[in-house]
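Worksheet: one structure, shown below.
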Amino acid sequence: MAWIGDGQAAPPTEVRVAIVLTTGSALPYDYTVLAPAIDAAFEKSLTDYNVQFSPVLCLYEGAGCDSSAAAGQTFIAANNSVDLVIGLMKNIRAAHMWYTDFPFSGKLVRESDRSQSFLVKASKTSRVFVLLMNGLLIRTFMIGAYNLGYTHGEYVFLALDTFRDDILGVNGWEQKDEYDPLAQKAYGALLVLTLRDTSKEQSYIDFVTHVEAVAANRYPLSKVKFNYYLASFYDAVLVFAQCFNETLDEGDPLGRQNINNVVDKAWNRTFAGGATGLIYISEDGDRFDDHAMYDIDGSGAFKVAAEFYGYKEVLTDNYFYDPITPFDWNSGPANLPPPNEPICGYRGEKAICDKTDEILEITLGSCAALAVVFLVISGIVYVFFHRRMEMAQLNILGMWHDIAKAQTATVNYRVSRKLKPDLGSHVSLDPRGLINHPDLIMASSSKTTTATFRGTRVILRVCETGQVSTSVILKEVKMARAITNDNVAKLAGICTGPFRVAVMYEYCSKGSIADLLATETVLLDWLFRFSLIKDLVQGLLAVTNSPLLCHGRLTSTCVFVDAHFVAKVGDYGLPSFFRRAMPSLQDGAFCATLLWTAPERLSRPFDNPTTEGDVYSLAIILSEIVMRERPFFSSGFEPEVIIAKVQKKHHNNFRPKMDANLCPPEISVMIKQCWAHNPMERPRMAQIRSIIKESEKHNTEKGSILDNLIHRMENYTLDLEAVVAEKAELFKAEKEKSDQLLYQILPRVVVDALKRGEQVQPENFDCVTVYYSDIVAFTTLSSASTPNQVVDLLNDLYTIFDNCILKYDAYKVETVGDCYVVASGVPVRNGNRHAGEICRLSLLLLEEIKVFKIRHRPNEQLRLRLGAHTGPCVSGVVGLVMPRYCLFGETITIAGKMESSSLPMRIQISEACERMLKTCGRFDTELRPDGPIVVNDKVQVTTYWLHREILPLS
Numbered sequence: 001m002a003w004i005g006d007g008q009a010a011p012p013t014e015v016r017v018a019i020v021l022t023t024g025s026a027l028p029y030d031y032t033v034l035a036p037a038i039d040a041a042f043e044k045s046l047t048d049y050n051v052q053f054s055p056v057l058c059l060y061e062g063a064g065c066d067s068s069a070a071a072g073q074t075f076i077a078a079n080n081s082v083d084l085v086i087g088l089m090k091n092i093r094a095a096h097m098w099y100t101d102f103p104f105s106g107k108l109v110r111e112s113d114r115s116q117s118f119l120v121k122a123s124k125t126s127r128v129f130v131l132l133m134n135g136l137l138i139r140t141f142m143i144g145a146y147n148l149g150y151t152h153g154e155y156v157f158l159a160l161d162t163f164r165d166d167i168l169g170v171n172g173w174e175q176k177d178e179y180d181p182l183a184q185k186a187y188g189a190l191l192v193l194t195l196r197d198t199s200k201e202q203s204y205i206d207f208v209t210h211v212e213a214v215a216a217n218r219y220p221l222s223k224v225k226f227n228y229y230l231a232s233f234y235d236a237v238l239v240f241a242q243c244f245n246e247t248l249d250e251g252d253p254l255g256r257q258n259i260n261n262v263v264d265k266a267w268n269r270t271f272a273g274g275a276t277g278l279i280y281i282s283e284d285g286d287r288f289d290d291h292a293m294y295d296i297d298g299s300g301a302f303k304v305a306a307e308f309y310g311y312k313e314v315l316t317d318n319y320f321y322d323p324i325t326p327f328d329w330n331s332g333p334a335n336l337p338p339p340n341e342p343i344c345g346y347r348g349e350k351a352i353c354d355k356t357d358e359i360l361e362i363t364l365g366s367c368a369a370l371a372v373v374f375l376v377i378s379g380i381v382y383v384f385f386h387r388r389m390e391m392a393q394l395n396i397l398g399m400w401h402d403i404a405k406a407q408t409a410t411v412n413y414r415v416s417r418k419l420k421p422d423l424g425s426h427v428s429l430d431p432r433g434l435i436n437h438p439d440l441i442m443a444s445s446s447k448t449t450t451a452t453f454r455g456t457r458v459i460l461r462v463c464e465t466g467q468v469s470t471s472v473i474l475k476e477v478k479m480a481r482a483i484t485n486d487n488v489a490k491l492a493g494i495c496t497g498p499f500r501v502a503v504m505y506e507y508c509s510k511g512s513i514a515d516l517l518a519t520e521t522v523l524l525d526w527l528f529r530f531s532l533i534k535d536l537v538q539g540l541l542a543v544t545n546s547p548l549l550c551h552g553r554l555t556s557t558c559v560f561v562d563a564h565f566v567a568k569v570g571d572y573g574l575p576s577f578f579r580r581a582m583p584s585l586q587d588g589a590f591c592a593t594l595l596w597t598a599p600e601r602l603s604r605p606f607d608n609p610t611t612e613g614d615v616y617s618l619a620i621i622l623s624e625i626v627m628r629e630r631p632f633f634s635s636g637f638e639p640e641v642i643i644a645k646v647q648k649k650h651h652n653n654f655r656p657k658m659d660a661n662l663c664p665p666e667i668s669v670m671i672k673q674c675w676a677h678n679p680m681e682r683p684r685m686a687q688i689r690s691i692i693k694e695s696e697k698h699n700t701e702k703g704s705i706l707d708n709l710i711h712r713m714e715n716y717t718l719d720l721e722a723v724v725a726e727k728a729e730l731f732k733a734e735k736e737k738s739d740q741l742l743y744q745i746l747p748r749v750v751v752d753a754l755k756r757g758e759q760v761q762p763e764n765f766d767c768v769t770v771y772y773s774d775i776v777a778f779t780t781l782s783s784a785s786t787p788n789q790v791v792d793l794l795n796d797l798y799t800i801f802d803n804c805i806l807k808y809d810a811y812k813v814e815t816v817g818d819c820y821v822v823a824s825g826v827p828v829r830n831g832n833r834h835a836g837e838i839c840r841l842s843l844l845l846l847e848e849i850k851v852f853k854i855r856h857r858p859n860e861q862l863r864l865r866l867g868a869h870t871g872p873c874v875s876g877v878v879g880l881v882m883p884r885y886c887l888f889g890e891t892i893t894i895a896g897k898m899e900s901s902s903l904p905m906r907i908q909i910s911e912a913c914e915r916m917l918k919t920c921g922r923f924d925t926e927l928r929p930d931g932p933i934v935v936n937d938k939v940q941v942t943t944y945w946l947h948r949e950i951l952p953l954s
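Pasting the structure below:
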């Protein structure tokens with residue numbers, strides 16, 4: 001701290017600092033995240049070192065660290081004469097790779113089995129493996145190392161997890177799959193290097209308290225997310241503040257030309273008082289951070305084995321570390337680290353291991369074994385490629401990159417939120433994204449998802465299964481493709497692994513029966529309903545009479561409807577694709593998928609499907625068609641409760657509610673028979689077809705197939721007309737909203753001309769009156785207020801001004817900060833009335849400002865300066881993006897000068913305005929006694945004070 005005479009503190013030293021960071025991104029080093037810490041550091045620099053940092057924000061938008069944008073903002077900062085630039089070094093986590101001589105193979109590993117071959121090759125020259133990759137890939141390598149026997153104390157694996165959020169976070173050894181036990185054992189040979197955790201140290205606690213206090217005061221709506229970057233930026237500001245202070249104490253002047261003197265003071269020394277404790281900057285200007293080495297214990301948890309301190313390297317001339325717990329080398333009871341070189345040498349060349357006598361025997365045995373292995377592998381390869389050729393001939397096997405542009409139809413008909421899974425509006429075609437989104441899996445989906453497969457529209461069904469072997473695919477696809485029926489959806493393609501498999505069917509534009517019932521504008525008479533029911537039964541019969549014998553997964557979401565309103569059964573066959581596991585937690589979303597499942601199968605819904613079970617599922621779908629609502633909608637129960645009630649046998653079995661008056665009596669009786677609790681009491685598919693056929697004869701008008709199709713299309717046309725009318729009304733309402741918004745941005749005559757497609761030409765106005773006003777001492781008021789308070793102030797004030805304008809023939813041209821610009825006589829001419837309109841408006845605004853209250857400073861009184869001038873001008877629309885209606889000419893300049901040279905709470909008008917005012921009524925004006933106003937160093941304008949209106953013009 002510097003002092004001047006009589007113990008008085010010297011004024012703070014101002015340092016202009018440019019902050020070059022991203023903004024509006026989700027990055028952990030975005031300015032919105034770091035701002036509280038930077039402000040806190042600036043505050044501490046002022047109190048501890050008497051250095052006042054004046055920030056110059058050079059922010060750029062973007063989702064990543066854009067080096068070109070950062071360079072551009074740094075250039076702008078340099079042109080703003082800043083003394084210091086604070087920013088982020090791009091790719092700092094990988095920077096060491098550019099100057100460290102690591103031997104890299106230059107190859108990418110794509111398959112897990114390839115990782116083992118790389119480990120075997122590397123083990124011939126080293127005992128230490130450094131794994132620079134993400135946590136999931138490290139897990140793959142460690143499992144491969146375990147299978148090779150490399151994790152039993154002979155080798156050591158090192159990995160980097162800088163922020164403890166990858167290997168020590170979500171991508172650790174435990175991934176909830178069958179490889180977890182293996183991975184836990186393998187990680188016994190893995191050591192993980194991270195930044196040392198200082199969150200429990202007093203310096204970091206003080207830092208958190210300070211930053212939270214600053215954030216509560218300056219950023220009350222944001223919650224501080226503490227991370228490494230906040231602490232680093234905080235420390236960096238304090239280091240430079242101390243160096244600036246020391247430079248001044250030595251009498252050196254500050255300036256961009258002397259910045260090297262400041263930087264030199266930061267190098268090769270240790271600083272105290274930072275967020276992370278002691279800070280050491282090396283002689284090369286690099287900060288030596290503190291690190292920690294983690295080792296896994298017997299329970300599978302990572303613990304700190306050693307801590308490394310950057311500042312202690314200076315004290316001991318060695319990279320110092322403190323042992324915390326003994327390293328577990330995974331080498332047995334002795335727990336010894338592996339020797340630097342194997343006993344026999346890396347290639348067995350040591351004399352102690354010379355076994356020449358056995359080489360011949362080993363060689364002969366190995367050759368015989370290799371011959372057998374070669375024959376076995378050749379047979380396997382032949383079978384594999386033969387099956388692939390057969391699959392290629394079917395021309396339906398694809399990969400995920402063959403699928404594009406998926407979309408989902410919305411289901412919104414009478415469905416309880418309790419039964420409806422919370423699904424997204426689209427499907428990600430990256431199969432890895434489907435792992436964490438079970439809602440998108442077919443079996444639980446109540447929406448029909450479509451996609452493009454090799455240029456053809458298809459219905460996409462994403463399955464829960466991960467991978468299916470080629471031999472199984474070939475067998476099951478052949479059985480599915482063998483079914484040829486107009487009411488069975490044709491299998492269009494399949495997609496295999498590695499994370500999810502998918503099945504694709506021929507495109508049906510109307511979605512599923514569930515989607516059709518959800519469209520409230522679709523009229524469902526019984527001619528139409530009988531057609532859908534017959535198609536459904538016919539398709540189900542085709543599946544039943546095929547080698548598949550039954551469907552097993554029948555719901556209203558897997559019966560599709562094409563453009564001609566023909567129902568087609570899907571999701572048949574392919575048991576290896578549609579195979580599901582019973583989840584441990586049977587929540588509402590899962591139970592909602594079992595509403596079509598027969599009670600005898602609810603205990604094991606994915607095993608041993610039966611024809612009787614299909615009949616029960618058919619009855620549930622028929623009840624949906626009759627009632628036009630989701631299954632059990634009227635019950636009001638949760639899905640879990642519904643499943644429990646359906647499964648329990650009772651004299652009055654729990655089933656969906658049916659209104660017998662909404663369907664023919666024989667259909668109502670048949671549905672109740674189909675969902676009987678005893679499977680043997682349910683009718684056969686052939687009986688169901690006969691009942692439906694007889695019922696249709698007695699309940700619909702006779703006609704040919706063509707007549708029925710024409711009737712369907714007529715109903716659909718009526719539906720379309722209703723939809724078009726509804727959409728037209730919505731469009732009209734939205735258009736009116738858009739017009740109103742445009743009228744608030746541009747004059748009505750300009751908007752109407754643009755809507756007619758006309759080009760708005762510049763227009764000359766012979767005589768208009770232009771008004772300017774601003775707030776006295778607005779800059780001082782703004783500096784003492786927060787940005788939100790300034791916005792609230794201007795919004796409150798301009799709302800009053802805008803309401804006042806509505807009372808007069810005037811047009812609000814623009815607002816720039818506290819400057820308010822209004823004109824009369826433009827864009828609509830009003831004769832000579834424009835001067836009177838502007839002057840009356842000015843007098844009204846003076847009255848309004850006298851009673852205006854500042855929300856955050858109610859005891860202060862706002863004061864206005866007002867000015868007006870009358871003369872010619874030119875108007876025009878400027879710009880394509882956010883066009884503006886602007887006025888040009890000397891009249892605008894003089895009007896602005898009338899305002900800037902006016903006095904607080906006074907209205908200054910030009911002589912031209914005063915002359916025009918005499919034709920608009922009687923106004924009390926006074927010649928300004930202190931002479932004409934000079935405009936543009938050449939024009940002198942005589943001005944008047946406007947006091948009041950005496951008598952309006954009759």
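According to full-length UniProt numbering, the sequence shown is numbered sequentially starting from 1.
All residues carry an ideal CB built from backbone N, CA and C; glycine is no exception.
- At the C-beta level, C819 and D774 come within 7 Å of one another.
- Here D930 carries a coil assignment [DSSP, helix/strand/coil].
- The residue among P639, F163, L622 and Q687 with its C-alpha nearest the C-alpha of D659 is L622.
- Secondary structure at F888: strand, using DSSP grouped into helix, strand and coil.
- Here A275 is near Y234, since their CB atoms are less than 7 Å apart.
- DSSP, read as helix, strand or coil, puts T544 in helix.
- Residues of the same chain with a CB within less than 6 Å of the CB of V626, apart from the 5 flanking positions on each side, are L662 and C663 in chain order.
- For the region 148-197, the continuous alpha helix (DSSP H) assignments of 4+ residues that do not extend past its boundaries occur at 180-186, in sequence order.
- Annotated three-state conformation of N764 is strand, per DSSP.
- The way I'd put it, the region 484-491 does touch the region 526-543; three or more beta-carbon pairs between them come closer than 8 Å.
- The region 848-867 makes no contact with the region 719-736, as fewer than three CB pairs between them are under 8 Å.
- A189 is not a Cβ neighbour of T140, given a cutoff of 7 Å.
- Taking each of V768, T496, P679 and T325 in turn and checking the Cα distance to T891, the smallest one comes out for V768.
- A868 is bridged by DSSP to Y771 and I909.
- When C558, I620, A213 and R218 are compared, the shortest CA-CA separation from A784 is found for R218.
- Note that the region 458-467 touches the region 500-514; at least 3 beta-carbon pairs, one per stretch, sit closer than 8 Å.
- P747 and H834 have their C-alpha atoms spaced approximately 17 Å apart.
- Fewer than three pairs of CB atoms, one per stretch, sit closer than 8 Å, so the region 646-655 makes no contact with the region 566-580.
- Taking the CA atoms as reference points, L754 sits about 60 Å from A480.
- Pairing F632 with R655, the inter-Cα distance amounts to about 7 Å.
- Under the 10 Å beta carbon count, I745 is surrounded by fewer than 16 other beta carbons and is classified as exposed.
- Taking all protein chains shown into account, C674 has 16 or more neighbouring C-beta atoms within 10 Å of its C-beta and is therefore buried.
- Nearest Cα to D249 within the set N936, N50 and L720: N50.
- DSSP, reduced to helix, strand and coil, places L57 within a strand of the structure shown.
- Distance from the Cα of F308 is smallest, within the candidate group D197, N330 and D165, for D197.
- The alpha carbon of A292 has as its nearest neighbour, out of R269, L168 and V522, the alpha carbon of L168.
- The beta carbon of P609 sits closer than 6 Å to the beta carbons of C550 and G552 from its chain, once the five residues preceding and following it are set aside; these are given in chain order.
- For N134, the closest C-alpha among the options L160, L59 and S546 is that of L160.
- By the neighbour-count criterion, in which a residue is buried when 16 or more other Cβ atoms sit within 10 angstroms of its Cβ, G172 is buried.
- If you ignore the 5 residues before and after L336, its C-beta comes within less than 8 Å of the C-beta of G153 and W329, all in its own chain and listed in chain order.
- Note on geometry: alpha-carbon atoms of T943 and H869 lie some 9 Å from one another.
- In the three-state reduction of the DSSP assignment, A26 falls in the coil class.
- Cβ contact annotation for D166 (same chain, cutoff 6 Å, sequence separation greater than five): G135, in chain order.
- When secondary structure is reduced to three states using DSSP, F923 falls in the strand class.
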